[in-house]
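*Asks:* Supplied in structure tokens, the structure appears directly below.
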Amino acid sequence: MSTARVPVMEGLFSDESGEARLLGSRCSTCNTPYFPRSDRCHNPECDVSQVQDDSFGPRGTLWSYSVQNYPPPPPARYDEPFEPYALCVVDLDDGLRVVGRMAADDAGLEVGSKVELALGPICHEDDGTEVISWMFRSV
Amino acid sequence: MHTWGKFADKSVTDLCRVAVNRALGDAGIGWRDVDAVAAASSRFSGGKGWGLNGNDVVEDMGSTGIPVYNMSAGCAAGGNAFNVGYSLVAGGMHDVVLVVGGEKMPKGFIQTSGVDEDSDPEFLRQRCVGMPGPSFWALLCRQRMAEMGTTEEQLAKVAVKAHEVGRHNENARFRQQFSVEEVLASNLVSDPLHLYEICPVSDGAAAAVICSAEKARQLGGTMPWVAGSAVATARFDDGLPRGLAGTVPAGKAHHSEAAIAVAGALEQAGASPGDLDLVELQDNTVYYELAFPEEWGLCEPGESERLLEAGETLPTGKMPLNPSGGFLCFGEATTAMGVFQVCELTWQLRQEAGPRQVPGATLALAQTLGLGGNASALVLKR
Ligand SMILES: [Zn+2]
Numbered sequence: 007m008s009t010a011r012v013p014v015m016e017g018l019f020s021d022e023s024g025e026a027r028l029l030g031s032r033c034s035t036c037n038t039p040y041f042p043r044s045d046r047c048h049n050p051e052c053d054v055s056q057v058q059d060d061s062f063g064p065r066g067t068l069w070s071y072s073v074q075n076y077p078p079p080p081p082a083r084y085d086e087p088f089e090p091y092a093l094c095v096v097d098l099d100d101g102l103r104v105v106g107r108m109a110a111d112d113a114g115l116e117v118g119s120k121v122e123l124a125l126g127p128i129c130h131e132d133d134g135t136e137v138i139s140w141m142f143r144s145v
Numbered sequence: 337m338h339t340w341g342k343f344a345d346k347s348v349t350d351l352c353r354v355a356v357n358r359a360l361g362d363a364g365i366g367w368r369d370v371d372a373v374a375a376a377s378s379r380f381s382g383g384k385g386w387g388l389n390g391n392d393v394v395e396d397m398g399s400t401g402i403p404v405y406n407m408s409a410g411c412a413a414g415g416n417a418f419n420v421g422y423s424l425v426a427g428g429m430h431d432v433v434l435v436v437g438g439e440k441m442p443k444g445f446i447q448t449s450g451v452d453e454d455s456d457p458e459f460l461r462q463r464c465v466g467m468p469g470p471s472f473w474a475l476l477c478r479q480r481m482a483e484m485g486t487t488e489e490q491l492a493k494v495a496v497k498a499h500e501v502g503r504h505n506e507n508a509r510f511r512q513q514f515s516v517e518e519v520l521a522s523n524l525v526s527d528p529l530h531l532y533e534i535c536p537v538s539d540g541a542a543a544a545v546i547c548s549a550e551k552a553r554q555l556g557g558t559m560p561w562v563a564g565s566a567v568a569t570a571r572f573d574d575g576l577p578r579g580l581a582g583t584v585p586a587g588k589a590h591h592s593e594a595a596i597a598v599a600g601a602l603e604q605a606g607a608s609p610g611d612l613d614l615v616e617l618q619d620n621t622v623y624y625e626l627a628f629p630e631e632w633g634l635c636e637p638g639e640s641e642r643l644l645e646a647g648e649t650l651p652t653g654k655m656p657l658n659p660s661g662g663f664l665c666f667g668e669a670t671t672a673m674g675v676f677q678v679c680e681l682t683w684q685l686r687q688e689a690g691p692r693q694v695p696g697a698t699l700a701l702a703q704t705l706g707l708g709g710n711a712s713a714l715v716l717k718r
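Those protein sequences? They're chains Z and F, same order as listed. Everything in the first sequence is counted per the working numbering, starting at 7 for the first residue and increasing by one. Everything in the second sequence is counted per the working numbering, starting at 337 for the first residue and increasing by one.
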């Protein structure tokens with residue numbers, strides 16, 4: 007029996023296609039990507055805002071990383087006892103610079119390395135349900 | 337200025353009263369001479385925030401009926417209030433404006449999200465990823481280390497330098513001297529940043545009097561002139577990882593709001609970065625003392641570490657940074673910081689800064705940065 011899973015927040019990501027995707031939008035006039043979804047294009051150089059749903063991922067490059075060494079304040083969520091986790095900023099090949107966590111089992115952290123979007127647990131509900139968010143994994 | 341620290345028994349109004357009376361005394365005027373107050377208020381976003389409401393200061397000092405302008409811009413509010421005060425005087429609206437900032441901070445690192453809403457990018461960032469404030473600085477810092485080869489020892493040396501000068505400042509909260517080893521042995525808060533490489537929160541208050549040229553001549557004394565004052569917000573495409581995501585920028589990621597404000601203040605002053613004798617910049621973390629001078633053209637990209645190690649960022653160096661000891665020695669009392677910088681610049685330009693004096697300083701820059709992509713900068717000259 008597979009573990010029950012619930013997204014940390016609805017509407018931000020999906021793996022329905024079998025591949026992890028971030029759900030955002032893109033302006034067809036100026037090509038600016040947005041995550042999360044945006045109703046309007048905020049590019050001051052863009053005269054005609056034409057924003058449509060788009061999705062992003064999975065491939066990208068690690069721009070930077072850090073390790074969260076202490077329990078973050080609310081509204082962050084984590085399992086007790088707190089285990090440090092790695093944070094990262096990734097430049098996705100489709101033009102989005104996005105923040106996220108590195109997957110817990112990933113030890114290889116090097117700026118400039120190739121990574122890939124994944125969905126994984128950031129914590130668990132009391133009944134053991136995995137709370138899922140987006141994260142990155144070295145490739 | 338009231339000293340920085342933790343003052344359990346004092347209210348923010350108590351702290352401000354001390355700062356305001358010192359500023360009025362320094363200017364040689366009384367409370368009834370003040371035409372308006374520009375206050376750096378932390379009560380932003382519908383009541384969110386901590387201490388200061390400028391109206392409380394006016395009520396405390398005596399309700400003379402003068403206008404109060406409460407400015408909110410996160411930690412840049414002090415600089416914004418100065419800009420508004422300056423504009424009111426320069427525009428001929430008022431002759432004497434009091435600028436005040438004061439804060440009693442809650443414990444712990446500043447919470448960047450107070451709104452429980454799916455639509456707030458800060459909320460999403462905390463809930464979905466778990467990235468509290470210091471991790472933002474850590475990510476920028478790690479990126480610099482990869483790009484410029486900055487070492488952990490060099491980061492620690494920025495903190496060592498801050499305390500080397502800040503220990504001489506009687507208004508600073510943290511006046512002990514640290515070694516590189518002690519900085520690196522302090523808790524790793526957010527890799528690669530250690531506890532002593534990040535500024536904590538403090539209580540404090542600062543005030544300054546801005547007056548017209550005519551009024552200044554009447555009062556006499558040595559007063560610095562405002563050569564430039566600017567505020568700015570962040571550009572859309574500066575590439576900093578704010579919120580959940582942005583666009584991969586064409587150039588190097590940088591704090592565009594700070595660069596725009598600094599360039600604006602320098603332009604008004606008719607000065608170039610190389611003309612500055614000293615700079616007070618917002619060093620929430622050691623990273624900023626390396627990145628900002630390069631982003632503003634004070635030195636070449638990649639040159640900051642060498643200047644630091646050569647002692648050029650000390651008051652006696654070629655590019656003195658934060659001779660006050662900066663945020664690292666004071667701790668951040670959010671809205672008071674922009675006004676505290678005005679005090680330091682004033683003392684430096686009057687050659688009254690004692691052991692931390694930049695010899696012969698005649699032109700000085702101060703800069704703050706606030707949540708939400710706010711920044712301010714000002715240039716004072718003797
Ligand atoms: Zn557009």
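Even for Gly, the Cβ is constructed at its ideal location relative to N, Cα and C.
Pull out every residue of the region 560-576 of chain F whose Cβ sits closer than 7 Å to any Cβ of chain Z, in chain order.
*Replies:* Phe572 and Gly575
*Asks:* Taking three-plus beta-carbon pairs below 8 Å as touching, is the region 573-589 of chain F in contact with the region 38-51 of chain Z?
*Replies:* yes
*Asks:* At a Cβ threshold of 7 Å, is Gly469/F touching chain Z?
*Replies:* Your numbering for residue 469/F matches position 133 in the second sequence. Gly469/F does not count as touching chain Z.
*Asks:* Who are the neighbours of Pro5/Z on chain F, taking C-beta pairs under 8 Å?
*Replies:* Within the shown structure, residues of chain Z are numbered from 7 to 145, placing residue 5/Z beyond reach of any answer.
*Asks:* Where does Ala594/F land, buried or exposed, given buried means 16+ other C-beta within 10 angstroms?
*Replies:* Residue 594/F sits at position 258 when you count from the first residue of the second sequence. Result: buried.
*Asks:* Is any heavy atom in ligand 1 found nearer than 6 Å to the beta carbon of Cys52/Z?
*Replies:* Mapped onto the first sequence, residue 52/Z falls at position 46. For Cys52/Z, the distance from the CB to the nearest heavy atom of ligand 1 is below 6 Å.
*Asks:* Looking at the C-beta of Phe142/Z, does it have a partner C-beta in chain F at a distance below 7 Å?
*Replies:* Looking up residue 142/Z in the first sequence gives position 136. No, Phe142/Z does not count as interfacial toward chain F.
*Asks:* Comparing C-alpha positions only, which one of Ile128/Z, Arg143/Z, Arg32/Z and Ser144/Z sits nearest to Val137/Z?
*Replies:* For the purposes of this step, residue 137/Z is identified with residue 131 of the first sequence, where counting begins at 1. Among Ile128/Z, Arg143/Z, Arg32/Z and Ser144/Z, the Cα nearest to that of Val137/Z belongs to Ile128/Z.
*Asks:* Do Glu533/F and Val435/F have their beta-carbon atoms positioned less than 7 Å apart in this structure?
*Replies:* What you label residue 435/F is simply residue 99 of the second sequence in a count that begins at 1. What you label residue 533/F is simply residue 197 of the second sequence in a count that begins at 1. Not closer than 7 Å, so no.
*Asks:* For Ala10/Z, which residues in the same chain have their Cβ closer than 8 Å to its Cβ, ignoring the five residues on either side in sequence?
*Replies:* In the first sequence, counting from the first residue as 1, residue 10/Z sits at position 4. Cβ within range, chain order: Asp133, Gly134, Thr135 and Glu136.
*Asks:* Any chance you could list the beta strand (DSSP E) runs of at least 3 consecutive residues sitting entirely within the region 406-458 of chain F, in chain order?
*Replies:* 432-439
*Asks:* Closer than 8 Å by beta-carbon distance: list the chain F residues that pair up with Gly134/Z, in chain order.
*Replies:* As a working mapping, residue 134/Z is identified with position 128 in the first sequence. Chain F residues near Gly134/Z: none, gap ~20 Å exceeds 8 Å.
*Asks:* Give me the Cα-Cα distance between Gly109/Z and Leu125/Z, rounded to the nearest whole angstrom.
*Replies:* Stepping through the first sequence from its first residue, residue 109/Z is reached at position 103. Stepping through the first sequence from its first residue, residue 125/Z is reached at position 119. At residue 109/Z the sequence reads Ala, which differs from the Gly that was named. Distance between the alpha carbons of Ala109/Z and Leu125/Z is about 9 Å.
*Asks:* Run the CB neighbour count on Lys497/F, radius 10 Å, all protein chains shown included, and call it buried at 16 or more, exposed below.
*Replies:* Here residue 497/F refers to the residue found at position 161 when the second sequence is read from its first residue. The residue in question, Lys497/F, is buried, as its Cβ has 16 or more Cβ neighbours within 10 Å.
*Asks:* On the DSSP bridge assignment, give the partners of Trp140/Z in chain order.
*Replies:* Sequence index remark: in the first sequence, residue 140/Z carries index 134 (1-based). Trp140/Z pairs with Leu125/Z.
*Asks:* Residues bridged to Leu98/Z by DSSP?
*Replies:* Taking the first sequence and counting its residues from 1, one reaches residue 98/Z at position 92. Partner(s): Gly66/Z.
*Asks:* Taking the C-alpha atoms as reference points, what is the distance between Arg686/F and Gly587/F?
*Replies:* Mapped onto the second sequence, residue 686/F falls at position 350. Mapped onto the second sequence, residue 587/F falls at position 251. One C-alpha to the other measures close to 40 Å.
*Asks:* Can you tell me which of the three DSSP states Ser55/Z falls into?
*Replies:* Your numbering for residue 55/Z matches position 49 in the first sequence. The answer is coil: DSSP assigns Ser55/Z none of H, G, I, E or B.
*Asks:* Verify the CB distance criterion: does Ser381/F have a CB-CB separation below 7 Å to chain Z?
*Replies:* Indexing the second sequence from 1 puts residue 381/F at position 45. With a pLDDT of 42 at Ser381/F, under the threshold of 50, the modelled position of this residue cannot be trusted, and the question is left open.
*Asks:* Helix, strand or coil for Ser515/F, going by three-state DSSP, please let me know.
*Replies:* Position 179 of the second sequence, counted from the start, is the residue given in the question as residue 515/F. If DSSP states are grouped into helix, strand and coil, Ser515/F belongs with coil.
*Asks:* Does the beta-carbon of Thr682/F, which I'm using as the reference point, lie nearer than 6 Å to any heavy atom of ligand 1?
*Replies:* The count along the second sequence starts at 1 and reaches residue 682/F at position 346. No, the Cβ of Thr682/F stays beyond 6 Å of every heavy atom of ligand 1.
*Asks:* Compute the distance between the beta-carbons of Trp340/F and Arg509/F, then report whether it is under 7 Å.
*Replies:* Sequence index remark: in the second sequence, residue 340/F carries index 4 (1-based). Sequence index remark: in the second sequence, residue 509/F carries index 173 (1-based). A contact, by the Cβ cut-off of 7 Å.
*Asks:* Could you give the C-beta distance for Glu625/F and Glu680/F, rounded to a whole number, given that I count them as a contact under 8 Å?
*Replies:* Looking up residue 625/F in the second sequence gives position 289. Looking up residue 680/F in the second sequence gives position 344. Between Glu625/F and Glu680/F, the beta carbon gap of about 15 Å keeps them out of contact (Cβ cut-off 8 Å).
*Asks:* What separation, rounded to the nearest whole angstrom, lies between the Cα atoms of Leu614/F and Ala605/F?
*Replies:* Walking along the second sequence from the start, residue 614/F turns up at place 278. Walking along the second sequence from the start, residue 605/F turns up at place 269. Rounded to whole angstroms, Leu614/F to Ala605/F spans 15 Å at the Cα level.
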